[in-house]
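Participant: Structure in structure tokens, see below.
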């Protein structure tokens, strides 16, 4: 296809009033402008990638820093406990989310039983409830003074010490809470993989005498392995990022160790080294997942959009399938939401006091600002990659999107220490030049907190925007350019209206993630600027669970929005 410079040459040659000697000069100008604009987009994308990667690079740079005696103390006392607890937490959650997510996805996709259509979207609802909200709710429900143990004592005449009851505040309890809220990651990706599998392959397995179980283990499961592995990896990353659940249950992991070392011991360098070890832990997890399928290839035929053959489950099998889907849904969403709603309505004066609306406003402001900035940055990155899809640009966008794999506590450490040094340098410079002290300009401000959110969740908006932009044919770009539109004008007047749905989705997902974020907010937030998540954590830590009900319920209600959208898209996927 002829580029715009060639079109300009043809157009100019047909104008008898123009001088031939000026043709090359006029023809080259648009090409230069286009290259200059593309270079501008490239520089902006590279700058964004550098800003996002700075906290992670800073944390990794502290691995070889001498932290003195405090690091030796940590290594001799608690480091191996952090490693062991984090390891067993990952093992337990990985097995739990894999079993529940894959099993329920196969049931609702390939089987028909009572309530199967309802469970298709309802099984995503636990995504709306953060794990720490479930931890606080179930602690109140299963505690010694809770309704369950109280009913047991009243019914059997027992007293304290006469019976055994499982302790929810334990490593097993943390595994259960995280499994109940994270299995939808595996369920969502596994169900999409099962929906996209070739009908011919499944029918061939049936014709060869494979029953439902054998077809599942020999055909469907191997084909869906990449999606399942990706879902489990996401769940494990969220497990390592969790702070509220493990802190409340008294399980010492890397995230609690970072917080304790920073605020309890006042050792920022040692906290940065713990964050570096946690980051290496996550990078090793990602590498292990990719290495495990390094030589595996998964191919399917093209007939993936025909109606999949389904198994009709009746009688005891149908009841069993319904229970298998209902139990994780009820434990992960229905029961906690009902308990929170009951506590909120019974104690409206204590739960919906004036301070609740102040914290809700803080959360709303942070979420809106981050959503707007995150979508704008994602548009710049995705469009810059579309204009110039070079190796450098692809690498830069991947680096900018890697923050989602990094726990919020690690990002907080990687931001606060460099920003603190920057504040000190600016203050020293202003005192030397003007004789005035600027104090802390960035540390402990909303700016630093929003920066942490963008580093953590930019991948969420970028993936959504990139997917929407990728659906627009490149021929529309060529047509816009031939009509004299610059790259920026093409983005604003052509692409933006066509990808409006994707932009709203990206902003909504960012909004919800910021509302639920706890670990980074707890470390970076300004003084006297608590959010709903921090308020829930503080009240629950003080055992004021009734007062924590309304903020926790608000977080759950906001989290339902993307779940409904995901459910609607899945329903329309075929």
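Numbering (the working numbering), first residue to last: 2 to 575. The C-beta atom is built at its ideal place from N, Cα and C for all residues, glycine as well. Model, not experiment: these values are computed from the prediction.
1. With distances taken from CA atoms, which of 368, 495, 109 and 490 is nearest residue 513?
2. Please report how far the alpha carbon of residue 343 lies from the alpha carbon of residue 158, in whole angstroms.
3. How is the alpha helix (DSSP H) around residue 517 delimited, first residue to last?
4. Which residues in the same chain as residue 363 place their Cβ atom closer than 7 Å to its Cβ, once the five residues preceding and following it in sequence are excluded?
5. So, does the stretch 426-446 touch the stretch 519-530, judging by three or more C-beta pairs under 8 Å?
6. Can you give me the C-alpha to C-alpha distance between residue 299 and residue 89, rounded to a whole angstrom?
7. Less than 7 Å between C-beta atoms, sequence neighbours within five positions excluded: which residues of the same chain meet that for residue 562?
8. Taking the continuous alpha helix (DSSP H) assigned at residue 150, which residues delimit it?
9. With residue 186 and residue 235 assumed to form a contact (beta carbons below 8 Å), what rounded beta-carbon distance in angstroms separates them?
10. Would you kindly work out how many angstroms separate the C-alpha atoms of residue 183 and residue 408, rounded to a whole number?
11. Leaving aside the five residues before and after residue 490 along the sequence, list all residues of the same chain whose C-beta is less than 8 Å from its C-beta, in chain order.
12. Residue range of the alpha helix (DSSP H) that residue 250 falls in?
13. Can you tell me whether residue 155 is buried or exposed, with buried defined as 16 or more other CB within 10 angstroms of its CB?
14. Does the beta-carbon of residue 394 have 16 or more other beta-carbons within 10 angstroms, so that it is buried, or is it exposed?
15. Could you tell me the alpha carbon to alpha carbon distance between residue 27 and residue 414, rounded to whole angstroms?
16. CB-CB under 8 Å to residue 113, same chain, minus the five flanking residues each way: which ones, in chain order?
17. Under the assumption that residue 378 contacts residue 455 (Cβ atoms under 8 Å), give the Cβ distance between them as a whole number of angstroms.
18. Kindly indicate which residue of 440, 499, 121 and 503 has the alpha-carbon position closest to the one of residue 463.
19. Do residue 95 and residue 233 have their C-beta atoms closer together than 7 Å?
20. Whole angstroms are fine: how far does the CA of residue 246 sit from the CA of residue 168?
21. Helix, strand or coil: how does DSSP classify residue 313 here?
22. Quick test of your reading: residue 191 and residue 93, contact by CB under 8 Å. State the CB separation rounded to the nearest angstrom.
23. For residue 327 and residue 134, what's the separation of their Cα atoms in angstroms?
24. Just confirm the distance between the C-beta atoms of residue 63 and residue 274, as a whole number of angstroms; I'd bet it's less than 8 Å.
25. Determine the closest residue to residue 498 out of 399, 473 and 486, with distance taken between C-alpha atoms.
26. So who's on the other strand from residue 113, going by DSSP bridges?
27. Roughly how many whole angstroms lie between the Cα atoms of residue 552 and residue 225?
28. Within 10 angstroms of the Cβ of residue 22, are there 16 or more other Cβ atoms? Answer buried if so, exposed if not.
29. Buried or exposed: where does residue 555 fall if 16 or more other Cβ atoms within 10 Å of its Cβ makes it buried?
30. DSSP state of residue 127, grouped into three classes?
31. Is residue 390 helix, strand or coil when you go by DSSP?
32. Does the distance from the CB of residue 337 to the CB of residue 130 come in under 7 Å?
33. Scan the stretch 454-485 and note each continuous beta strand (DSSP E) run of 3 residues or more that stays entirely inside, going in chain order.
Facilitator: Considering the structure as presented:
1. If you number the chain shown from 1, residue 513 lands on position 512. Per the Cα distances, 368.
2. As a first step, residue 343 is located in the chain shown; it is residue number 342 there, counting from the start. As a first step, residue 158 is located in the chain shown; it is residue number 157 there, counting from the start. Their backbone Cα atoms lie some 27 Å apart in a straight line.
3. For the purposes of this step, residue 517 is identified with residue 516 of the chain shown, where counting begins at 1. Counting along the chain, residue 517 sits inside the alpha helix (DSSP H) bounded by residues 501-517.
4. The sequence position of residue 363 within the chain shown is 362, counting from 1. For residue 363, where only same-chain residues beyond five positions count, the Cβ hits under 7 Å are 530, 531 and 532.
5. Verdict: yes, contact present.
6. Position 298 of the chain shown, counted from the first residue, corresponds to residue 299. Position 88 of the chain shown, counted from the first residue, corresponds to residue 89. The pLDDT assigned to residue 299 is 49, lower than 50, so where the model puts this residue is not dependable; a value taken from the coordinates is nonetheless given after this. Using only the alpha carbons, I get a separation of about 31 Å.
7. In the chain shown, residue 562 corresponds to position 561, counting from 1. Excluding positions up to five away in sequence, the list reads 509 and 513.
8. Translated into the one-based positions of the chain shown, residue 150 becomes position 149. Unbroken alpha helix (DSSP H) run through residue 150: 148-157.
9. As a position in the chain shown, residue 186 is number 185, starting the count at 1. As a position in the chain shown, residue 235 is number 234, starting the count at 1. About 5 Å separates the two Cβ atoms, so the contact holds.
10. As a position in the chain shown, residue 183 is number 182, starting the count at 1. As a position in the chain shown, residue 408 is number 407, starting the count at 1. Cα to Cα, residue 183 sits roughly 15 Å from residue 408.
11. Here residue 490 refers to the residue found at position 489 of the chain shown. Only residues of its own chain outside the window of five on either side were considered, and among them 481 have a CB closer than 8 Å to the CB of residue 490, listed in chain order.
12. The residue you call residue 250 lines up with position 249 of the chain shown. For residue 250, the enclosing alpha helix (DSSP H) starts and ends at 245-250.
13. Stepping through the chain shown from its first residue, residue 155 is reached at position 154. Around the Cβ of residue 155, a 10 Å sphere holds fewer than 16 other Cβ atoms; the residue is exposed.
14. Here residue 394 refers to the residue found at position 393 of the chain shown. Classified as buried, residue 394 has 16 or more neighbouring CB atoms from the shown chains inside 10 Å of its CB.
15. Start at 1 with the first residue of the chain shown, and residue 27 comes out as number 26. Start at 1 with the first residue of the chain shown, and residue 414 comes out as number 413. Caution applies to residue 27, whose pLDDT of 37 falls short of 50 and renders its modelled position unreliable; the model cannot decide the point.
16. Counting from one through the chain shown, the residue named residue 113 turns up at place 112. Hits under 8 Å: 311, 312, 313 and 314.
17. On the chain shown, residue 378 is found 377 positions in, with the first residue counted as 1. On the chain shown, residue 455 is found 454 positions in, with the first residue counted as 1. About 7 Å separates the beta carbons of residue 378 and residue 455, which is inside the 8 Å limit, making them a contact pair.
18. For the purposes of this step, residue 463 is taken as residue 462 along the chain shown, with counting starting at 1. Looking at 440, 499, 121 and 503, the one whose alpha-carbon comes closest to that of residue 463 is 503.
19. For the purposes of this step, residue 95 is taken as the residue at position 94 of the chain shown. For the purposes of this step, residue 233 is taken as the residue at position 232 of the chain shown. Their beta carbons are under 7 Å apart, which means residue 95 touches residue 233 by this criterion.
20. On the chain shown, position 167 is the one that residue 168 refers to. On the chain shown, position 245 is the one that residue 246 refers to. Their Cα atoms are separated by approximately 14 Å.
21. Here the question's residue 313 lines up with position 312 in the chain shown. Under the three-state reduction of DSSP, residue 313 is assigned to strand.
22. Position 190 of the chain shown holds residue 191. Position 92 of the chain shown holds residue 93. Separation of the CB atoms of residue 191 and residue 93 is rounded to 19 Å, and the pair is thereby denied contact status at 8 Å.
23. Indexing the chain shown from 1 puts residue 327 at position 326. Indexing the chain shown from 1 puts residue 134 at position 133. Answer to the nearest angstrom: the Cα atoms are 20 Å apart.
24. Counting from 1 along the chain shown, the entry for residue 63 is found at position 62. Counting from 1 along the chain shown, the entry for residue 274 is found at position 273. The distance from the Cβ of residue 63 to that of residue 274 is about 5 Å, consistent with a contact at the 8 Å cut-off.
25. What you label residue 498 is simply residue 497 of the chain shown in a count that begins at 1. Residue 498 has its Cα closest to that of 473, out of 399, 473 and 486.
26. Taking the first residue of the chain shown as position 1, residue 113 is located at position 112. Here residue 113 is bridged, per DSSP, to 313.
27. The residue you call residue 552 lines up with position 551 of the chain shown. The residue you call residue 225 lines up with position 224 of the chain shown. One C-alpha to the other measures close to 38 Å.
28. Along the chain shown, one-based indexing puts residue 22 at 21. With a pLDDT of 40 at residue 22, under the threshold of 50, the modelled position of that residue is not reliable, and the figure given next carries that caveat. Within 10 angstroms of the beta-carbon of residue 22 lie fewer than 16 other beta-carbons, which makes it exposed.
29. On the chain shown, position 554 is the one that residue 555 refers to. Under the 10 Å beta carbon count, residue 555 is surrounded by 16 or more other beta carbons and is classified as buried.
30. As a working note, residue 127 is residue 126 in the chain shown. Residue 127: helix per DSSP, three-state reduction.
31. Residue mapping note: residue 390 aligns to position 389 of the chain shown, counting from 1. Residue 390 falls in the coil class under three-state DSSP.
32. Sequence index remark: in the chain shown, residue 337 carries index 336 (1-based). Sequence index remark: in the chain shown, residue 130 carries index 129 (1-based). Closer than 7 Å, so yes.
33. DSSP runs (the beta strand (DSSP E)) wholly in the stretch 454-485: none.
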